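A.B. asks: Here it is, the structure, as structure tokens.
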Amino acid sequence: MRDAQPAAVYLKDYASPDYLINRTELHFELHEDHALVTSRLYMLRCDPGRELPLVLNGVALELVSVTIDGQALEDSEFQVEPETLVIPKAPDQFVLSCVTRILPQDNTSLEGLYKSQRMFCTQCEAHGFRKITYYLDRPDVMSVFTVSVEADQARYPVLLSNGNLVDSKVLEDGRHSTTWHDPFPKPAYLFALVAGDLKYLQDSFTTCSGREVDLRIYVEEKDLGKCDHAMLSLQNSMRWDEEVYGREYDLDVFNIVAVDDFNMGAMENKSLNIFNSSCVLCSPETTTDKGYQRVEAIVAHEYFHNWSGNRVTCRDWFQLSLKEGFTVFRDAGFSADMGSPVVKRVEDVANLRTVQFAEDAGPMAHPVRPESVIEFNNFYTATIYEKGAEVVRMIHTLLGAELFRRGSDLYFERHDGQAVTCEDFVLAMEAASGIDLQQFRLWYSQAGTPLLRVRDEYDADAGCYTLTVQQSCPPTPGQDSKLPMVIPLAMGLLGEAGNLPLRLVGETPDPETGDNTHRVLSVNQAEQRFVFEGVGERPVPSLLRGLSAPVRLDYNYSKQDLCALMSRDDDGFVRWDSAQTLATRVMNEVEQQLLNRSKDKELEVDPILARAYASLLEDDSLDAAMVADMLTLPGENYLAELAARDGGANVDTIHAARVAVHADISKACTDSLLQRYHALANASPYAATGAQIADRSLRNTCLDYLAAAGGEYVELASRQFTDADNMTDRLAALRAIVFYGDDGQRDEALASFYQDWQHEVLVVNQWLQLQAMMPGSDALDRVRGLLKHPDFDMRNPNKVRALVGVFSAHNPVNFHRPDGQGYRFLADQLTLLNDINPQITAKMLTPLTRWRNYSGRDQLMRAELERLAALPSLSRDAFEVITKSLQ
Ligand code: PHE
Ligand code: ZN
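Counting from 1, position 517 in the sequence shown corresponds to residue 543 in my numbering; the numbering is continuous, with no gaps.
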């Protein structure tokens with residue numbers, strides 16, 4: 027595929043473009059076996075008089091012709107390289123026109139123009155546009171686009187691009203065309219085109235200034251009934267962005283198109299968002315509650331990009347978190363406001379700790395603003411998105427809501443229509459608030475998850491309570507030592523009768539805020555002491571409330587402390603977090619017994635956890651969704667992540683310990699579980715409302731514990747499986763049968779589920795996913811068998827993720843089989859996928875890159891990485907991940 031090894035690019039080498047493109051006119055002629063793209067680019071040299079070669083990006087293009095101001099170029103006047111078109115001499119100002127021939131029907135990378143089923147669509151972020159035509163494919167080149175699309179009218183009655191429809195024509199030979207104009211200058215990565223046989227759900231939105239926006243969701247006809255939730259989510263997002271950020275929508279149309287083959291969740295192309303169908307379609311019969319929430323969040327995310335991403339975009343891809351971190355922060359705020367803020371936060375934190383903390387501790391660790399990159403597609407990571415959102419969240423905490431809003435207003439006002447940097451964002455926040463964020467900037471440049479070590483002392487005579495806080499941050503690739511960061515530490519102190527008023531020594535009590543029980547300490551040195559006075563009893567510290575910073579906490583809580591926080595702290599997040607810590611502690615003890623015991627000794631599970639869970643279950647004044655989250659044991663991946671830091675993860679003991687603790691709770695809490703299970707049964711028809719979702723979540727959590735006891739309790743699941751009128755309950759029941767039933771029950775339920783839902787692609791994907799997660803030693807054989815199932819397709823990312831991805835990332839015991847067959851399986855599939863879809867291949871390498879965490883298996887894992895490294899056609903994407911993880 028290439029002669030030289032792919033090279034890294036560096037942030038420090040950024041140079042502004044030599045040429046600009048004021049206007050971009052594109053004409054697409056779509057055919058079954060090729061497409062012709064004609065461009066007219068109105069180009070301008072930035073530094074007139076200074077003769078510079080024009081270097082355009084272009085990949086996998088056949089150049090049919092190239093002209094400047096209508097004059098065809100001689101062969102000697104340009105050079106076609108594998109990834110560029112170089113024109114050594116060009117005037118100061120000119121119109122460049124190229125005709126390129128491309129093959130969308132063969133484009134399995136799903137970047138550029140490709141076919142998804144019978145539909146043409148595009149994906150241009152980050153570097154897809156260069157697979158369409160020669161261009162200055164970088165986000166700081168912004169241009170006004172006019173696009174015409176011509177295709178067969180019967181096959182492709184709908185032809186869409188960005189902006190407003192300005193013309194449509196019927197042509198000869200059954201063909202037709204439409205022309206679109208987008209008045210907002212945009213980088214090429216926001217360009218989009220769709221051609222297909224689509225129907226749409228239509229609605230509208232009246233903006234705060236009274237403009238009417240036409241909203242449409244385009245889908246295949248069979249899916250028209252599944253668009254209502256996305257439409258409502260879109261309208262809610264538009265309203266929310268006006269109310270919370272003062273951002274009004276700016277065009278008269280907003281279109282969403284659903285496609286089945288898509289590398290990511292969705293894409294924020296200006297006024298023509300393209301969505302993975304799994305992130306837009308919803309119906310009670312086919313979509314779980316989690317699915318509903320995901321659709322709401324992703325619709326909002328893409329919509330919010332219209333300001334944080336499109337109106338103000340990134341100067342270069344090292345600044346990716348500028349738009350992604352900020353937009354994730356915005357969509358999290360929206361979801362919190364649409365539902366329960368604490369439940370939303372708990373779920374985000376669980377994900378951050380499992381996925382992002384692991385990434386930050388692994389070979390691909392990078393700062394929120396990376397400094398060097400081989401393939402930008404590899405940087406759509408949990409660090410850029412989720413840690414990036416945490417960084418914005420900390421700015422929000424440090425400034426407070428009001429100053430933060432002033433900062434975001436200033437940012438949008440200053441930089442509207444520009445391509446800017448993370449630094450510009452911080453500067454706007456500083457300018458609007460007057461708060462110095464100099465040291466805070468380290469969050470953008472230092473990788474790794476800081477550790478906060480907190481110790482305390484209580485002096486009863488003086489009524490003084492002292493917290494000693496130390497921070498450190500482990501080395502990460504290319505960064506051996508780190509400087510102390512600014513860590514907002516939200517906290518409280520819990521006494522016997524509730525949270526205590528907080529007063530630091532030397533502070534004069536403010537009559538209004540004097541007995542605040544909550545505050546944010548500013549930690550900004552390697553070691554600091556905070557002394558509280560007037561503390562009449564030894565408190566239990568409630569630390570890092572809401573996860574006020576993306577750090578790990580080390581405080582030596584006793585189990586009794588954790589129980590106290592869990593049941594009585596004012597902060598809902600800390601209650602959940604304490605339950606997680608307690609459960610982790612109890613599971614760790616069982617792991618120790620498993621490692622040390624003689625075979626026949628009974629495992630002892632500390633009853634403290636079951637007692638705490640029982641009192642949660644028995645208190646029906648608590649929010650059911652929170653109780654469900656509190657009763658959910660930390661996952662095996664999270665436990666492995668924690669264990670990796672203390673010398674190595676043993677997946678088998680982690681799994682066995684978790685199963686044992688789960689069974690113990692099932693047994694100890696049977697009555698209360700059963701009581702809640704029955705009491706939470708819902709008589710009214712399905713609705714994806716907060717209250718119903720909460721009840722289903724707790725009820726299905728109860729079912730999961732109960733069914734673990736087998737026998738009659740699996741019958742409970744079987745009954746729910748047959749009676750359910752919605753996918754949430756049906757899938758939860760199926761999962762319980764598959765995990766806890768006998769082989770016969772399992773096979774029968776899986777077969778009948780497939781029988782009922784085989785016509786629904788997204789449901790079949792859930793069915794694949796469940797089997798990929800299945801416990802038991804035959805899991806790998808089953809997964810191998812499913813590769814041959816008619817519904818599996820290696821070219822469809824959703825299916826590959828559902829089967830191969832979920833097996834490798836969410837079935838630890840089977841992926842890490844001692845014989846190495848799990849690793850071999852993944853590497854075999856990635857060998858095939860490497861030639862089909864580089865982006866997905868690189869993403870799915872992640873579980874193998876964690877080889878250092880698994881002593882005893884590490885050599886087997888490495889061997890598979892090395893086998894892949896030797897592939898002759900290894901993509902740049904996979905090359906980067908493999909070489910960095912072998913280093
Ligand atoms: N920019 C998209 C989002 O976060 C993600 C994406 C990246 C989609 C690259 C496709 C390709 O909303
Ligand atoms: Zn995004």
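Glycine included, C-beta positions come from ideal geometry on N, C-alpha and C.
Keep in mind the model is a prediction, meaning the values are calculated, not measured.
Comparing the CB of Thr727 with every heavy atom of the ligand ZN, is any distance shorter than 7 Å?
C.D. replies: The residue given as residue 727 occupies position 701 in the sequence shown. For the ligand ZN, not one heavy atom lies less than 7 Å from the Cβ of Thr727.
A.B. asks: Taking 7 Å as the limit between beta carbons, can you name the residues of its chain near Thr607, skipping five residues before and five after?
C.D. replies: Here the question's residue 607 lines up with position 581 in the sequence shown. Excluding residues within five positions, the ones whose Cβ falls inside 7 Å are Tyr583 and Leu588.
A.B. asks: Can you give the Cα-Cα distance for Asn299 and Val600, rounded to whole angstroms?
C.D. replies: For the purposes of this step, residue 299 is taken as residue 273 along the sequence shown, with counting starting at 1. For the purposes of this step, residue 600 is taken as residue 574 along the sequence shown, with counting starting at 1. Distance between the alpha carbons of Asn299 and Val600 is about 38 Å.
A.B. asks: Is any heavy atom in the ligand PHE found nearer than 7 Å to the beta carbon of Glu328?
C.D. replies: Here residue 328 refers to the residue found at position 302 of the sequence shown. The answer is yes for Glu328.
A.B. asks: CB-CB under 6 Å to Arg164, same chain, minus the five flanking residues each way: which ones, in chain order?
C.D. replies: Mapped onto the sequence shown, residue 164 falls at position 138. Excluding sequence neighbours, Arg164 sits near nothing in its chain.
A.B. asks: Quick one: what's got a C-beta closer than 6 Å to Tyr36's C-beta in the same chain, skipping five residues either side?
C.D. replies: The sequence position of residue 36 within the sequence shown is 10, counting from 1. So the qualifying residues of the chain are Ser398.
A.B. asks: Would you mind stating whether Asp199 and Val372 have Cβ atoms separated by less than 8 Å?
C.D. replies: On the sequence shown, residue 199 is found 173 positions in, with the first residue counted as 1. On the sequence shown, residue 372 is found 346 positions in, with the first residue counted as 1. No, these two residues do not count as a Cβ contact at 8 Å.
A.B. asks: Any heavy atom of the ligand PHE closer than 7 Å to the Cβ of Gln149?
C.D. replies: Sequence index remark: in the sequence shown, residue 149 carries index 123 (1-based). Yes, the Cβ of Gln149 comes within 7 Å of a heavy atom of the ligand PHE.
A.B. asks: DSSP on His202, reduced to helix/strand/coil?
C.D. replies: Indexing the sequence shown from 1 puts residue 202 at position 176. Strand at His202.
A.B. asks: Note down the Cα distance separating Ala214 from Ser169, rounded to an integer number of angstroms.
C.D. replies: One-based indexing of the sequence shown puts residue 214 at position 188. One-based indexing of the sequence shown puts residue 169 at position 143. Looking at the two C-alpha atoms, the distance is approximately 8 Å.
A.B. asks: Do you know whose CA, among Arg876, Leu894 and Ser347, lies nearest Gln855's CA?
C.D. replies: Counting from one through the sequence shown, the residue named residue 855 turns up at place 829. The option with the nearest alpha carbon to Gln855 is Leu894.
A.B. asks: Taking a contact to mean a Cβ-Cβ separation below 8 Å, would you say Val245 touches Lys225 in this structure?
C.D. replies: Taking the first residue of the sequence shown as 1, we reach residue 245 at position 219. Taking the first residue of the sequence shown as 1, we reach residue 225 at position 199. Contact: yes.
A.B. asks: Within 10 angstroms of its Cβ, does His327 collect 16 or more other Cβ (buried), or is it exposed?
C.D. replies: On the sequence shown, position 301 is the one that residue 327 refers to. Buried is the call here.
A.B. asks: Hey, which unbroken runs of the alpha helix (DSSP H) at 4 residues or more fall wholly within the region 716-777?
C.D. replies: Listed in chain order, they are 716-733, 738-749 and 753-766.
A.B. asks: What span of residues does the beta strand (DSSP E) with Pro500 cover, start to end?
C.D. replies: Sequence index remark: in the sequence shown, residue 500 carries index 474 (1-based). No beta strand (DSSP E) contains Pro500, which DSSP labels as neither H nor E.
A.B. asks: If the criterion is Cβ atoms closer than 8 Å, does the pair Ser914 and Cys499 meet it?
C.D. replies: The shown model of the chain, from 27 to 913, leaves out residue 914, and the question about it has no answer.
A.B. asks: Decide if the region 179-190 is in contact with the region 203-213; the criterion is three or more beta carbon pairs, one per stretch, under 8 Å apart.
C.D. replies: The answer is yes - the region 203-213 touches the region 179-190, with three or more Cβ pairs under 8 Å.
A.B. asks: Compute the beta-carbon to beta-carbon distance between Phe558 and Tyr664, rounded to the nearest angstrom, for a pair I have assumed lies under 8 Å.
C.D. replies: Here residue 558 refers to the residue found at position 532 of the sequence shown. Here residue 664 refers to the residue found at position 638 of the sequence shown. Actually they do not touch by this definition, with Cβ atoms about 32 Å apart.
A.B. asks: In whole angstroms, what is the alpha-carbon distance linking Pro367 and Glu416?
C.D. replies: The residue given as residue 367 occupies position 341 in the sequence shown. The residue given as residue 416 occupies position 390 in the sequence shown. When rounded, the distance between both Cα atoms is 15 Å.
A.B. asks: Per DSSP, what kind of secondary structure is Ala98 in: helix, strand or coil?
C.D. replies: Taking the first residue of the sequence shown as 1, we reach residue 98 at position 72. Correct three-state label for Ala98: strand.
A.B. asks: Can you give the Cα-Cα distance for Asp442 and Val338, rounded to whole angstroms?
C.D. replies: Taking the sequence shown and counting its residues from 1, one reaches residue 442 at position 416. Taking the sequence shown and counting its residues from 1, one reaches residue 338 at position 312. For Asp442 and Val338, the distance between alpha carbons rounds to 5 Å.
A.B. asks: Does DSSP classify Phe231 as helix, strand or coil?
C.D. replies: Sequence index remark: in the sequence shown, residue 231 carries index 205 (1-based). Residue state, collapsed to three classes: strand.
A.B. asks: Taking the straight line between their C-alpha atoms, what separation do you get for Arg265 and Asp386?
C.D. replies: Position 239 of the sequence shown, counted from the start, is the residue given in the question as residue 265. Position 360 of the sequence shown, counted from the start, is the residue given in the question as residue 386. Answer to the nearest angstrom: the Cα atoms are 36 Å apart.
A.B. asks: Quick one: what's Ile113 bridged to in DSSP?
C.D. replies: Counted from its first residue, the sequence shown places residue 113 at position 87. Ile113 is bridged to Leu80.
A.B. asks: Under 8 Å, do Gln497 and Pro514 count as touching if we go by C-beta distance?
C.D. replies: Taking the first residue of the sequence shown as 1, we reach residue 497 at position 471. Taking the first residue of the sequence shown as 1, we reach residue 514 at position 488. Not a contact, by the Cβ cut-off of 8 Å.
A.B. asks: Mapping DSSP to helix, strand and coil, what is Leu897?
C.D. replies: Numbered from 1 along the sequence shown, position 871 holds the residue referred to as residue 897. The answer is coil: DSSP assigns Leu897 none of H, G, I, E or B.
A.B. asks: Using only the alpha-carbon positions, how far apart do Arg156 and Glu137 sit?
C.D. replies: Taking the first residue of the sequence shown as 1, we reach residue 156 at position 130. Taking the first residue of the sequence shown as 1, we reach residue 137 at position 111. Looking at the two C-alpha atoms, the distance is approximately 9 Å.
A.B. asks: By DSSP, does Met27 sit in helix, in strand, or in coil?
C.D. replies: Sequence index remark: in the sequence shown, residue 27 carries index 1 (1-based). For Met27, the predicted structure reports a pLDDT of 45, less than 50, and the residue's modelled location is therefore unreliable. The matter cannot be settled from this model.
A.B. asks: With a threshold of 16 other CB atoms inside 10 Å of the CB of Glu51, please say whether the residue is buried or exposed.
C.D. replies: By 1-based counting over the sequence shown, the position of residue 51 is 25. When all chains shown are included, Glu51 counts as buried.
A.B. asks: Reducing DSSP to helix, strand and coil, say where Asn281 ends up.
C.D. replies: Position 255 of the sequence shown holds residue 281. The answer is strand: DSSP assigns Asn281 an E or B state.
A.B. asks: Between which two residues does the beta strand (DSSP E) harbouring Lys7 extend?
C.D. replies: The requested residue 7 does not occur in the structure, where the chain is confined to residues 27 to 913.
A.B. asks: I want to know whether the region 545-553 touches the region 515-528 - three or more CB-CB distances under 8 Å.
C.D. replies: Yes, since at least three Cβ pairs between the region 545-553 and the region 515-528 fall closer than 8 Å, the two stretches touch.
A.B. asks: Excluding the five sequence neighbours on either side, which residues of its own chain have a C-beta within less than 6 Å of the C-beta of Ser194, listed in chain order?
C.D. replies: Mapped onto the sequence shown, residue 194 falls at position 168. Once the five neighbours on either side are set aside, the close Cβ partners of Ser194 are Thr204.
A.B. asks: On the premise that Ser911 lies in contact with Thr875, defined as a C-beta separation below 8 Å, what is that separation, rounded to the nearest angstrom?
C.D. replies: As a position in the sequence shown, residue 875 is number 849, starting the count at 1. As a position in the sequence shown, residue 911 is number 885, starting the count at 1. 4 Å between Cβ atoms; contact.
A.B. asks: So, do the region 70-81 and the region 126-135 have three or more beta carbon pairs nearer to each other than 8 Å?
C.D. replies: Result no; under three Cβ-Cβ pairs closer than 8 Å.
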